[in-house]
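Notes for the one structure printed next.
Number of protein chains: 4
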Amino acid sequence: MDELILTLSCPDQPGIVHAVSGAIAAAGGNILESQQYGDPVSHRFHMRVHAAGVNDPEVLRQSLTRVAAILDLDWNLESAGHKVRTLIMASKEGHCLSDLLYRAHEGTLPIDVVAVVANHETLRPLADFYNAPFYCIPVTQQTKDSAEEELLGLIDEKDVELVVLARYMQILSDKVCEAMKGRIINIHHSFLPSFKGARPYAQAHARGVKIIGATAHYVTPDLDEGPIIEQDTIRVTHADSVPDFVAQGQDVERRVLSRAVRWHAERRVLLNGHATVVFD
Amino acid sequence: MDELILTLSCPDQPGIVHAVSGAIAAAGGNILESQQYGDPVSHRFHMRVHAAGVNDPEVLRQSLTRVAAILDLDWNLESAGHKVRTLIMASKEGHCLSDLLYRAHEGTLPIDVVAVVANHETLRPLADFYNAPFYCIPVTQQTKDSAEEELLGLIDEKDVELVVLARYMQILSDKVCEAMKGRIINIHHSFLPSFKGARPYAQAHARGVKIIGATAHYVTPDLDEGPIIEQDTIRVTHADSVPDFVAQGQDVERRVLSRAVRWHAERRVLLNGHATVVFD
Amino acid sequence: MDELILTLSCPDQPGIVHAVSGAIAAAGGNILESQQYGDPVSHRFHMRVHAAGVNDPEVLRQSLTRVAAILDLDWNLESAGHKVRTLIMASKEGHCLSDLLYRAHEGTLPIDVVAVVANHETLRPLADFYNAPFYCIPVTQQTKDSAEEELLGLIDEKDVELVVLARYMQILSDKVCEAMKGRIINIHHSFLPSFKGARPYAQAHARGVKIIGATAHYVTPDLDEGPIIEQDTIRVTHADSVPDFVAQGQDVERRVLSRAVRWHAERRVLLNGHATVVFD
Amino acid sequence: MDELILTLSCPDQPGIVHAVSGAIAAAGGNILESQQYGDPVSHRFHMRVHAAGVNDPEVLRQSLTRVAAILDLDWNLESAGHKVRTLIMASKEGHCLSDLLYRAHEGTLPIDVVAVVANHETLRPLADFYNAPFYCIPVTQQTKDSAEEELLGLIDEKDVELVVLARYMQILSDKVCEAMKGRIINIHHSFLPSFKGARPYAQAHARGVKIIGATAHYVTPDLDEGPIIEQDTIRVTHADSVPDFVAQGQDVERRVLSRAVRWHAERRVLLNGHATVVFD
């Protein structure tokens, strides 16, 4: 008898919590933790429930299907212990990849790393060490299309549920973005919307900022404009050079990315238009 | 048709959310925001609901009374716009008092300051400026008992719901602590449980810490041991003297205290044994 | 026998510290605290010295004049206890003004508020309470020029050394910016360079950020582009509305602004091209 | 022609900076960065200088020896590029070890890991992956003495300059503490002086704190009482269990430890009685 995570979004209206909690109670379930949020602007209602004691998830699923038809729910029901099948993409820098693999290995990040894809060979030993299947798919202007086909093939073959861009220095095509909509997380090494695009630390240094940051967001075809999941910042001083920004920023990047991935994997992140609801 | 805040605690059991949301739905209410937490150790369940559209709060009150009897609820239903009748106590230092009065005056802190009590005259002009009734009740070893009587008299006369110790340098008797249990908030100028008692900044400086903090907690007869509501910290360096700690710590103190008071006033803080649940 | 603060900037070259510390030692001075920074990109060297025991500042001043001629120093020597003559500008919102006046009054901010200028009457009582001379100078498209003349007149008459824009909602002309170059500090209610211009909290909310911030910077004719002195940030969540951003952001604004003003007043901020060196 | 780091402490007195900068200038050196701090309580003066362009370090060394005799300097002169020969000790948990090895490998931490010593075999593969020589030295009550002999033998044989206790769960004897005084850094998983000793996260949870922390300090025979190098904190909520504290605390531990190790290795940490001066 598994613990379950239910997430849902729907137009706001009276009676949602009552209907949903009724379905759970009828299935013998007990609510361990629950959070709701009704957006007063978009009038969308969002909810996450962590329940235990449900005798038969199938019965609950049927009740929820009935409720969903009435209340127009987008909903998902998942075992709380489910490890999200994750494909991580990287280039040459390993700080984010190393961190994600370590956490997955230690069991503090509920993901199953089914593949590591990189456009260079550099990180193969790291993936090997953690027994994560490594695929080097080089990308040049000529091979970009075939490289993406190979990637989509892997996603399909491995039943990938989540793609994480762990400082992957290539831009994914709209086709891949669409195919995995809401399921690709990128880490951008700036406090967005400041310093989009290339070399954000150098941009930040040139502007003389006193704080640098990192942003984890869902990838959309619009570069660095996708819904933000998590951000964090760190102080810098006049004495820090661009390489110092890079070195210190790595700490923030991996922290922000691992939180975003954990929250996504624990189904704590719900899309709310162009923004996210994070039930942390 | 007012917005309402419902808070409740009870033994954990299936069906709580369903029963409560049912009562709200039956009264025509719509849940704007809701948070729950079931403590896996103490098996107490805690909930806060912000609802709108309830036609008749009295009807809801009756339904909740029935639910409470069945589920053994401690509960409270309050208008969301209610300003908590607050008595603030201080001594000579005005940074916390000034901050609370300013916020109350600006409307960002939902309290009504019905009295300011101090054991010195120093802060009278500040209270006057914000039109807060000021009472100077000096405290000496001889007058401590009569001073407390005067305080309890004021609390009674003014229907005081919350007492805030805004750097009040006297210790309240067990009698007052008991009389206002769970309704006295103190700011202690250290990151508890480090540096209890007197002169915490000097203690922190002597220990060579790199971070100082402040703690807002409910007052219990056990000095500096009450349930913690909020804490925050700030970095210091070797170059900071004790007076520097004091000056920089004031920022943290007033920030922490005002958050704790706001959360309490918005009914976001629930007691959970010796700790608090904060639905922020 | 006063303590002194010496600040200087010059082209980087060997022997600067030796020459400067020699002048101080020759005048009987002892260095209490000193910081240096040589920018490896611009090749400018910056230094701040806090010295005690100088018998005759005039003798030191003469030695430094000789050193300055050789090493091409921009330098300034000031009594450590000097209170900077400050004119604060505001509009209707008082959180920054209230904070600065409180700190100046308590003695934790080494400024002497010689005037408060606002384009509305709203904040007059606050200024009055702290005995700060208040001048209401309304600004309309027609009166902008004469308003600025009045301002410049005040600056001149009161020997103003520093102008602080404490949420002043008007844009100063290039003329004023030039006249007080490096001596006007503004607080912008965003984490620059994100969300320049009007209504930054609304912009931030629309973008779905998870952290908001504030930036204190020197004012230049280029709006929100001046050298940054200090920044800080605070976490927000999906449940926070634009008014919540505004209310919580006020805390950050006043904290950042008061730090920037304190550092400027303590001569800890040196201009380094388009950025600042902050010897905190 | 190497860059050099000079650090020194001495009784405070006029002329120190002048004498030291004179020695550097006479050796052709240019000061890139320099920081001083005179403790007004202990009357000790501390200084760190980063210099370039010194033609002959031996000449500088001779000048400094002369200055040291006059001013009673404790001083050290080191190549700026020197990698500190470091022995890391751990038990079964690898988050700190993994982080240090990764950073050393990437070149963002100026240490040379000459040995990893653990009282269990668990972490051998991790050390192997980074080519760090791994020594398993089990510790029981019976073998504690011989284990320490083995450790001291390794320290000697490998010319170890720094020992890092990266969540090593054994207590070192006074003998080892004395032998490596000021050269053993420990990470304690609480915000000291709160929650000394065993199971600090469980202690913190029981107290209901809202923030947890970690502390890196030099090891002295007095457990968890050594001079603090660095601390940091992270927010927790009522919904976090002890295992959640542990998991989230790991992030803070490794961040704090790596900073402390980096600052020590860069000679930024000077002992000042029972506290530290950190020129960061």
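Chains as they are written, first to last, in UniProt numbering: chain R, 1 to 280; chain G, 1 to 280; chain P, 1 to 280; chain L, 1 to 280.
Heads up, the beta-carbon is just placed ideally off N, CA and C, and yes, glycines get one too.
The residue among 72/G, 204/G, 152/G with its C-alpha nearest the C-alpha of residue 184/G is 152/G. Excluding the 5 residues flanking it on each side, residue 200/L has same chain C-beta neighbours closer than 6 Å at 189, 190, in chain order. At a beta-carbon threshold of 9 Å, the residues of chain R lying near residue 30/G are 12, 13, 14, 15, 16, 38, ordered along the chain. Residue 251/G has its alpha-carbon roughly 12 Å from the corresponding atom of residue 100/P. Around the Cβ of residue 231/L, a 10 Å sphere holds 16 or more other Cβ atoms; the residue is buried. When only Cα atoms are considered, residue 273/L and residue 35/P end up about 22 Å apart. Contact of residue 275/P with chain L is not assigned, every C-beta pair being separated by 8 Å or more.
Residue range 57-71 is occupied by the alpha helix (DSSP H) that includes residue 68/G. Closer than 8 Å to the CB of residue 230/L there is not a single CB belonging to chain P. Taking 8 Å as the threshold, the shortest C-beta distance from residue 181/G to chain L does not fall below it. Fully contained in the region 122-206 of chain L are the following alpha helix (DSSP H) runs of length 4 or more, in chain order: 124-129, 144-157, 174-179. When CB distances to chain R are screened at a threshold of 8 Å, the residues of the region 239-253 of chain L falling below it are 239, 247, 250, 251, in chain order.
In the three-state scheme derived from DSSP, where H, G and I count as helix and E and B as strand, residue 113/G is classed as strand.
Annotation for residue 44/P: the continuous beta strand (DSSP E) segment containing it runs 44-52.
Where residue 213/G is concerned, there is no enclosing alpha helix (DSSP H), although the beta strand (DSSP E) around it starts and stops at 211-218.
In terms of Cβ geometry, residue 124/R and residue 279/R do not form a close pair [threshold 8 Å].
The C-beta of residue 258/L comes no closer than 8 Å to any C-beta of chain G. Here residue 13/R carries a coil assignment [DSSP, helix/strand/coil]. Boundaries of the alpha helix (DSSP H) around residue 97/R: 95-106. Note that the region 42-60 of chain G does not touch the region 61-74 of chain R; fewer than 3 beta-carbon pairs, one per stretch, sit closer than 8 Å. Annotation: the continuous alpha helix (DSSP H) that includes residue 246/G extends over 242-265.
For residue 38/R, the enclosing beta strand (DSSP E) covers residues 30-38.
By the Cβ-count criterion, residue 146/L is exposed, with fewer than 16 other Cβ atoms from all chains shown falling within 10 Å of its own Cβ.
In this structure the region 259-268 of chain P lies against the region 76-88 of chain P, because at least three pairs of beta carbons, one per stretch, are closer than 8 Å. Membership of residue 85/R in the beta strand (DSSP E) is indicated by the continuous run 84-90. Contact annotation, residue 132/P with residue 113/P: C-beta distance approximately 5 Å; criterion of less than 8 Å satisfied. Listed in chain order, the non-local C-beta contacts of residue 197/P below 6 Å within the same chain number zero, local neighbours out to five positions each way being set aside.
Around the Cβ of residue 50/G, a 10 Å sphere holds 16 or more other Cβ atoms; the residue is buried. Legend: CB atoms of the region 119-131 of chain P lying less than 7 Å from CB atoms of chain G belong to residues 129. Note: residue 79/P is bridge-paired with 4/P in the DSSP secondary-structure output.
Sequence-distant partners of residue 137/P (beyond 5 residues in either direction) whose C-beta falls short of 8 Å from its own C-beta, in its chain, are 117, 118, 119, 147, 150, 151.
For residue 46/P, the number of other beta carbons within 10 angstroms of its own is at least 16, and it is reported as buried. Within its own chain, the residues whose Cβ lies closer than 8 Å to the Cβ of residue 275/L, once the five positions on either side in sequence are excluded, are 227, 228, listed in chain order. Contact between residue 262/G and residue 109/G holds: their C-beta atoms lie close to 5 Å from each other, under 8 Å. Shortest Cα-Cα distance from residue 211/G to any of 233/L, 218/L, 207/L, 224/L involves 233/L. At least 8 Å separates the CB of residue 81/L from every CB of chain P.
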